[in-house]
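Down below is the structure, laid out as structure tokens.
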Amino acid sequence: MRVRHVDGQFLIRLEAEEEAIATLRAWATEQRVGFAVFWAIGAMRRATLGYFDTTAALYRQIPVEEQVEVLSITGNVALGEDGAPIVHAHAILGRADGSLVGGHLIEGWVFPMLEVVVRVFPEPVYRRADPTTGLTLWDL
Amino acid sequence: MRVRHVDGQFLIRLEAEEEAIATLRAWATEQRVGFAVFWAIGAMRRATLGYFDTTAALYRQIPVEEQVEVLSITGNVALGEDGAPIVHAHAILGRADGSLVGGHLIEGWVFPMLEVVVRVFPEPVYRRADPTTGLTLWDL
Amino acid sequence: MRVRHVDGQFLIRLEAEEEAIATLRAWATEQRVGFAVFWAIGAMRRATLGYFDTTAALYRQIPVEEQVEVLSITGNVALGEDGAPIVHAHAILGRADGSLVGGHLIEGWVFPMLEVVVRVFPEPVYRRADPTTGLTLWDL
Numbered sequence: 005m006r007v008r009h010v011d012g013q014f015l016i017r018l019e020a021e022e023e024a025i026a027t028l029r030a031w032a033t034e035q036r037v038g039f040a041v042f043w044a045i046g047a048m049r050r051a052t053l054g055y056f057d058t059t060a061a062l063y064r065q066i067p068v069e070e071q072v073e074v075l076s077i078t079g080n081v082a083l084g085e086d087g088a089p090i091v092h093a094h095a096i097l098g099r100a101d102g103s104l105v106g107g108h109l110i111e112g113w114v115f116p117m118l119e120v121v122v123r124v125f126p127e128p129v130y131r132r133a134d135p136t137t138g139l140t141l142w143d144l
Numbered sequence: 005m006r007v008r009h010v011d012g013q014f015l016i017r018l019e020a021e022e023e024a025i026a027t028l029r030a031w032a033t034e035q036r037v038g039f040a041v042f043w044a045i046g047a048m049r050r051a052t053l054g055y056f057d058t059t060a061a062l063y064r065q066i067p068v069e070e071q072v073e074v075l076s077i078t079g080n081v082a083l084g085e086d087g088a089p090i091v092h093a094h095a096i097l098g099r100a101d102g103s104l105v106g107g108h109l110i111e112g113w114v115f116p117m118l119e120v121v122v123r124v125f126p127e128p129v130y131r132r133a134d135p136t137t138g139l140t141l142w143d144l
Numbered sequence: 005m006r007v008r009h010v011d012g013q014f015l016i017r018l019e020a021e022e023e024a025i026a027t028l029r030a031w032a033t034e035q036r037v038g039f040a041v042f043w044a045i046g047a048m049r050r051a052t053l054g055y056f057d058t059t060a061a062l063y064r065q066i067p068v069e070e071q072v073e074v075l076s077i078t079g080n081v082a083l084g085e086d087g088a089p090i091v092h093a094h095a096i097l098g099r100a101d102g103s104l105v106g107g108h109l110i111e112g113w114v115f116p117m118l119e120v121v122v123r124v125f126p127e128p129v130y131r132r133a134d135p136t137t138g139l140t141l142w143d144l
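Residue numbers (the working numbering), protein chains in the order written: chain B, 5 to 144; chain H, 5 to 144; chain D, 5 to 144.
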């Protein structure tokens with residue numbers, strides 16, 4: 005991971021074999037990020053995506069076991085009730101034939117690189133557990 | 005709908021059963037937004053997408069009648085010739101098996117939530133009807 | 005191409021028959037852009053996408069020979085070792101039936117228009133050739 009702070013934003017280059025969600029969470033913890041939004045493009049060699057089953061109130065896993073282009077990651081970092089950052093990101097991945105697969109990004113193994121642009125906000129947003137949906141929602 | 009204004013941007017949490025386009029249009033009208041760009045992730049239980057048929061100069065409708073992850077919405081708000089805000093957004097939606105469907109977002113029924121980040125600009129952009137294309141285009 | 009500079013960002017409307025990558029590169033050269041990030045939605049009548057084959061260390065081409073909605077373009081402009089801007093963008097395109105195709109955007113012919121939002125940064129980012137991956141990577 006390489007990081008540069010430019011004009012109120014962070015440019016992050018994730019490198020081969022880094023797991024995107026855990027790496028961004030660790031960075032957000034270290035930087036004491038209270039709220040941020042981010043976008044990324046690049047490539048991964050493996051990922052686990054999720055689809056939220058609203059009846060069961062849990063994420064069904066969608067394994068992606070091949071080298072894919074990361075065509076879009078849109079996400080944000082907010083704080084859990086314990087104050088630790090939660091990375092919420094949705095990903096769209098492209099296969100060699102141009103076909104796509106996408107979902108909630110549970111984990112994604114970068115290869116060879118991922119270009120991330122992060123805008124950190126000066127005040128935190130917390131997520132609160134919502135019993136109705138089974139999700140943790142932005143507490144605005 | 006819940007809204008927080010942070011550092012020149014608006015965080016909006018749309019809630020179950022809100023229709024995304026109409027809700028954002030109503031908010032933009034109330035806030036007197038002259039131009040804004042936005043991004044969103046979350047989930048919907050139903051949507052109508054559009055594909056612009058350039059020969060007929062109209063949108064063909066693509067109905068989505070299932071619970072989907074909202075993997076990407078990219079959009080903007082500009083003003084029509086009557087001064088009312090026009091929300092223009094493109095959406096990419098993910099099904100339970102990770103397959104995708106996408107198009108111009110005509111309407112989308114949020115469930116259980118949609119996280120929207122909006123950047124409002126200090127001066128308006130108008131859309132003008134363009135007889136060649138049949139679209140209303142940014143008047144820059 | 006029409007451009008307006010608003011509040012530190014550039015709104016660009018690409019028009020029918022403009023090729024997106026070359027047009028943005030020419031604009032970035034003229035504006036002496038050292039680093040920028042951008043997003044776009046609109047439509048194209050033809051595109052060439054790429055998938056990076058990590059074994060061969062080259063992009064495999066994916067031709068798109070039909071009118072498509074541009075559902076998402078996420079990209080950035082950085083400088084090559086020769087100081088000329090390199091436009092790196094990933095695109096997700098939608099067909100008439102709502103099915104999608106996506107990849108690294110090698111070229112895309114706009115029709116009838118593409119709405120681009122660009123944020124230019126006040127300091128440059130260079131790309132350096134990386135012998136391990138065969139790519140040019142952000143030098144952060």
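Note that beta-carbon positions come from the ideal geometry of N, C-alpha and C, so glycine has one too. What you are looking at is a predicted structure, and each value in this text was computed from that prediction instead of being measured.
Considering only residues of the same chain and omitting the five flanking positions on each side of residue i, which have a CB-CB separation below 8 Å?
i	result
MET117/H	ARG17, LEU18, GLU19, ALA20, GLY46 and ALA47
GLU23/B	GLU111, GLY112, TRP113 and VAL114
TYR63/H	GLY54, TYR55, PHE56, ASP57, HIS108 and ILE110
ALA26/B	GLU111
LEU104/B	LEU75, ILE96, LEU97 and GLY98
MET5/H	ILE16, ARG17, LEU18, GLU19, GLU22, THR27 and TRP31
Would a C-beta distance cut-off of 8 Å place residue i and residue j closer than the cut-off?
i	j	result
LEU83/H	VAL129/H	yes
GLY107/D	ALA93/D	no
ARG99/H	VAL72/H	yes
ASN80/D	ALA40/D	yes
ARG8/H	LEU144/B	yes
LEU28/H	VAL91/H	yes
GLU127/D	GLY12/D	no
ALA32/B	PRO67/B	no
Ordered along the chain, which non-local residues of its own chain (more than five positions away) have a Cβ less than 6 Å from that of residue i?
i	result
GLY138/D	ALA61
PHE42/H	GLY79, VAL120 and VAL122
THR77/D	It is Ile, not Thr, that sits at residue 77/D in the sequence shown. Around ILE77/D: ALA44, ALA93 and ALA95.
GLU85/B	none
ALA133/H	THR140
I need the boundaries of the beta strand (DSSP E) containing residue i, first residue and last residue.
i	result
LEU104/H	104–124
MET48/H	40–57
THR78/D	72–83
THR136/H	Note, THR136/H: premise wrong, no beta strand (DSSP E); not H, not E.
GLU69/H	No beta strand (DSSP E) contains GLU69/H, which DSSP labels as neither H nor E.
GLY98/H	89–98
ARG7/H	Before going on, a small fix: residue 7/H reads as Val here, not Arg. Counting along the chain, the beta strand (DSSP E) containing VAL7/H begins and ends at 6–10.
LEU15/B	13–19
Between which two residues does the alpha helix (DSSP H) holding residue i run?
i	result
ALA32/H	24–34
Output needed for residue i: all residues of its chain with C-beta closer than 7 Å, excluding positions within five of it in sequence on either side, in chain order.
i	result
GLU70/D	ARG99
TRP142/H	ALA82, VAL129 and ARG131
GLU34/D	none
ARG49/B	GLN71, TRP113 and PHE115
Using a beta-carbon distance cut-off of less than 9 Å, what residues from the region 124–138 of chain H approach chain D?
-> PHE125, PRO126, GLU127, VAL129, ASP134, THR136, THR137 and GLY138
Got a sec: which bits of the region 93–114 of chain H sit with their beta carbon under 8 Å from any beta carbon on chain D, in order along the chain?
-> ALA93, HIS94, ALA95, ILE96, LEU104, VAL105, GLY106, GLY107 and HIS108
Quick one, which residues of the region 54–77 of chain D are near chain B if we go by CB-CB under 7 Å, in chain order?
-> TYR55, PHE56, THR58, ARG64, ILE66 and SER76
Any residues in the region 8–42 of chain D with a beta carbon nearer than 8 Å to a beta carbon of chain B? Which ones, in chain order?
-> PHE39 and VAL41
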